[in-house]
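Its first residue numbered 1, the sequence shown is counted upward by one per residue in the UniProt record's numbering.
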Amino acid sequence: MSAAQKTTTTNQDQTNETWFSSWFDTPYYHILYKERNDKEAQLFMDNLTHYLNLPEKAKVLDLCCGKGRHAIYLNQLGFDVIGADLSENSIAEASNYSNETLHFKVHDMREEFEEKYDAIFNLFTSFGYFENDDDNLTTLKAIKNSLTEYGFAVIDFMNVNQVIETLVPEEVKTVDGIDFHLKRYVADGHIFKEIDFEDQGHKYHFTEKVKALTLQDFETMMEEAGIYLLDIFGDYKLKKFHKTESERLILIFK
1 MSAAQKTTTT
11 NQDQTNETWF
21 SSWFDTPYYH
31 ILYKERNDKE
41 AQLFMDNLTH
51 YLNLPEKAKV
61 LDLCCGKGRH
71 AIYLNQLGFD
81 VIGADLSENS
91 IAEASNYSNE
101 TLHFKVHDMR
111 EEFEEKYDAI
121 FNLFTSFGYF
131 ENDDDNLTTL
141 KAIKNSLTEY
151 GFAVIDFMNV
161 NQVIETLVPE
171 EVKTVDGIDF
181 HLKRYVADGH
191 IFKEIDFEDQ
201 GHKYHFTEKV
211 KALTLQDFET
221 MMEEAGIYLL
231 DIFGDYKLKK
241 FHKTESERLI
251 LIFK
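Printed below as a string of structure tokens:
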């Protein structure tokens, strides 16, 4: 952990790191979100792979895989899986589950892969983090160029309209004895979450910042990237997308 993160005036903007490279690489990120529903994630993978009708032993890339919960389950379903993430700590932990058909690597999602994949999954709102909006288009092009001729890609993003409508401005979440003070707001076309907490005598501050991308925004970028949008779903059961009601914005493209 960097010295800047240990001081009482921690500010990510004062470091050379981006908010996501510093925050996602700390153990506190995983503590705060430890209650994530694995059953729901597995149901989503079941529904998604069935819908895509992927061939047996298909090569699948879990892009921004974190500690690998989706990648591990996809491998259990019989696929040849690579999990890729920018966080070295997450990849180190995920690599404990590696086998002949499951591997993990540190990778920046803006860079295309040499190997081509039958499916690329970008899950749980792991998009729209960059300061430069052009990097979002660069990422889409990298995904497109990393697919096989008949491959599919999936972006599982938040439904911005629903998130903004139901935004909780402030709350305190206590996890593992740590009180996380959360403040949420919308500014400059982004959704922000300020995270403040204290642990072992140190005060910490992190900021999550995600571009408030709508379906129309994705459609515009995909058209520019030469991507064909095949289908749109609104939740992990693959129900139809509704602009104001759906929890998720799930995009299937090639």
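For each residue, glycine too, the CB sits at the ideal point set by N, CA and C.
Remember, it's a predicted structure, so these values are computed and weren't measured experimentally.
Beta bridge counterpart(s) of H181 as assigned by DSSP: In the DSSP assignment, the residues bridged to H181 are V172 and D196.
4-residue-minimum alpha helix (DSSP H) runs that sit fully inside the stretch 195–252, ordered along the chain: The qualifying runs are 215–225.
Three CB pairs or more closer than 8 Å across the stretch 212–228 and the stretch 134–148: A contact exists between the stretch 212–228 and the stretch 134–148.
F206: CB within 7 Å of a non-hydrogen atom of the ligand HEM: Ligands displayed in this structure: none; no statement on the ligand HEM is therefore possible.
Burial state of A94 (16 or more Cβ within 10 Å): It counts as buried.
Whole-angstrom C-beta distance between V154 and I250, which should lie under 8 Å: For I250 against V154, the beta-carbon gap comes to about 7 Å, under 8 Å, which counts as contact.
Which of helix, strand or coil DSSP assigns to A92: Assigned with DSSP and collapsed to three states, A92 falls in helix.
Alpha helix (DSSP H) runs wholly inside the stretch 28–92, at least 4 long, in chain order: Whole alpha helix (DSSP H) segments, 4+ residues: 38–52 and 69–76.
Opening and closing residue of the beta strand (DSSP E) in which N122 lies: First-last of the beta strand (DSSP E) with N122: Y117 to N122.
Secondary structure of F152, DSSP reduced to three states: In the structure shown, F152 adopts extended strand secondary structure according to DSSP, grouped into three states.
Bridge partners - L102, DSSP secondary structure assignment: For L102, which the question treats as bridged, DSSP gives the partners V81 and N99.
Contact belief for E171 with F192 at Cβ below 8 Å, rounded distance in angstroms: Not a contact, Cβ separation roughly 14 Å.
Nearest residue (CA-CA) to G66, options N122, A58 and E40: The option with the nearest alpha carbon to G66 is N122.
Buried versus exposed call for G68 [16 or more other C-beta atoms within 10 Å across all chains shown]: Under this definition G68 is a buried residue.
Span separating the alpha-carbon of L32 from that of F180: Answer to the nearest angstrom: the Cα atoms are 8 Å apart.
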